[in-house]
Amino acid sequence: MVQRAGGAFWREVILLGVGRLVHVNGEIDKPSAVLEELCPVEPLGSEVEARQTALAGEVLLEMGSHRLEERQRGQSLGDRVRQQLVRLLQSGYLSAVERARAGDALARLGDPRFRADAWHLPGEPLLGFIEVPAGPFWMGSAERDEEADDDEKLLHQVTLPRYFIARYPVTVAQFQAFVAVTRYVWSYQYREQGEPTHPVVWVTWYDALAYGRWLGEVLGVDDATPEPLRTLLRDSGWQVTLPSEAQWEKAARGVEGQRCYPWGDRFEAERVNSRDAGVRRTSAVGCFPQGRSPYGCLDMAGNMWEWTRSLWGENALKPTFGYPYDAADGREDLQASNGVLHVLRGGAFDNDPSLVRCAFRFWDLARIANYHFGFRVALSALL
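Residue numbers (UniProt numbering): 1 to 383.
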């Protein structure tokens with residue numbers, strides 16, 4: 001039966017069987033044996049193994065991880081399932097819908113990519129921050145680009161100083177940790193969110209800025225903050241904030257050429273959580289590894305729109321702050337009036353390919369929040 005587990009029919013049979021064994025018969029040993037068989041020890045080498053791993057995550061949820069892990073060797077088996085689910089997400093195996101479902105299972109089981117003891121930031125050497133070296137890149141779109149809107153033309157080179165940007169958008173768990181610690185008044189706290197590792201949505205531009213200020217403060221005073229982040233925050237006057245739209249676009253596009261999407265010039269539905277992927281909602285961050293940017297940033301195309309710190313202007317039809325980009329012309333003013341529109345980037349889960357391009361610019365008022373708006377943070381010197 002386990003060898004046939006890749007099919008939808010046998011998936012349902014196995015889950016129903018495990019549910020009956022656990023919840024009716026009170027058995028754990030037989031479901032544990034199924035879990036052992038489903039979840040390989042070695043790195044995933046095929047779609048079949050990936051699909052079995054995804055099913056192992058669902059089986060563990062059906063069993064209840066606490067029931068397994070209170071038994072001898074149960075903790076190690078549970079951890080194995082989690083680690084293999086991480087490998088599944090990183091592999092790019094399976095369809096977008098299947099990966100999104102596996103990401104949800106991993107979130108419910110406890111995602112080992114993130115540290116609960118460090119405000120749910122990624123368990124990486126720099127807590128998920130990626131360095132973007134100083135230098136020029138191509139920003140905007142060429143006049144000949146038929147998909148480009150007028151506001152994203154002209155194609156021009158912009159030189160930026162060194163900065164760091166988050167690998168992932170800010171997650172539900174990360175933002176909720178901020179709210180819990182600071183008692184921040186989040187107007188949309190009770191709106192529907194995804195799983196803990198989904199990008200947080202229903203956040204205004206002000207909410208995003210507040211999270212960045214708090215994160216910069218706690219990282220700056222914590223002796224456990226890795227270098228060079230701690231020194232940059234504590235001694236060099238750097239800050240955690242929203243990226244400018246130039247910083248965002250460089251992190252998404254890279255410096256080699258003028259790529260249309262983070263992965264290249266051709267749209268491919270399996271690389272991005274947009275309308276064509278069929279997920280139809282936000283997904284756990286990192287479910288689309290083949291859509292990573294040249295710097296290793298994930299989810300920069302699709303999933304949800306990302307606030308930037310940059311201003312658009314007061315006229316929705318014609319930006320006050322067009323191109324060429326100039327950080328000194330007032331577009332990076334954090335004290336702008338409430339009536340000024342701010343730039344969002346990246347596109348969302350229900351957008352078409354043209355809206356998830358690296359150069360596409362969207363806008364809204366800073367006080368607006370909805371199910372499509374989230375953000376990621378950057379670490380940089382004052383603009």
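By construction, the Cβ of each residue, glycine as well, lies at the ideal position given by its N, Cα and C atoms.
Just so you know, these numbers come straight off a predicted model, no measurement behind them.
- Pairing Ala105 with Asp207, the inter-Cα distance amounts to about 28 Å.
- Val377 is the residue among Tyr211, Val377, Ser337 and Leu154 whose C-alpha sits nearest the C-alpha of Arg345.
- For Met139, the uninterrupted beta strand (DSSP E) run begins and ends at Gly135 to Met139, by DSSP.
- Taking 8 Å as the upper bound for CB-CB distance, Phe137 and Leu379 are not in contact here, some 18 Å apart.
- With respect to Phe362, Trp305 sits close: the two C-beta atoms are nearer than 9 Å.
- Restricting attention to Ala118, Asn370, Asp350 and Glu147, the CA atom closest to the CA of Arg280 is found in Asp350.
- Boundaries for Thr231: no beta strand (DSSP E) harbours it, while the alpha helix (DSSP H) harbouring it runs Leu229 to Arg234, taken from the DSSP string.
- Under the DSSP assignment, Asp364 falls in the beta strand (DSSP E) whose first and last residues are Phe362 to Leu365.
- Counted as a single uninterrupted DSSP element, the beta strand (DSSP E) harbouring Arg309 occupies residues Trp305 to Gly313.
- Taking the Cα positions, Asn273 is about 5 Å away from Asn303.
- Leaving aside the five residues that flank Val132 on each side, the residues in its chain whose CB is nearer than 8 Å to its CB run, in chain order, Leu160, Arg162, Tyr163, Phe164, Ile165, Gln247, Lys250, Ala251 and Tyr295.
- The shortest C-alpha to C-alpha distance from Trp205 to any of Glu36, Leu383, Ala381 and Val343 is the one to Val343.
- Burial of His198 is indicated by the presence of at least 16 other C-beta atoms within 10 angstroms of its C-beta.
- In this structure, the straight-line span from the alpha carbon of Leu44 to that of Gly264 is close to 26 Å.
- In the assembly as shown, Gly257 is an exposed residue. Its beta-carbon has fewer than 16 other beta-carbons within 10 Å.
- For Gln239, the enclosing beta strand (DSSP E) covers residues Gln239 to Thr241.
- Between Asp352 and the set Ser65, Leu209, Pro125 and Glu147, the nearest pair of CA atoms involves Glu147.
- Tyr206 sits in a helix when the DSSP states are folded into three classes.
- Counting every other CB atom within 10 Å of its CB across the protein chains shown gives Tyr190 a total below 16, marking it as exposed.
- Contact between the stretch 75–91 and the stretch 23–39 is present: 3 or more CB-CB pairs across the two stretches fall below 8 Å.
- If you compare the alpha carbons of Glu62, Leu89 and Ala269 with that of Val24, the shortest gap goes to Glu62.
- Under the three-state reduction of DSSP output, Gly254 falls in the coil class, being neither helix nor strand.
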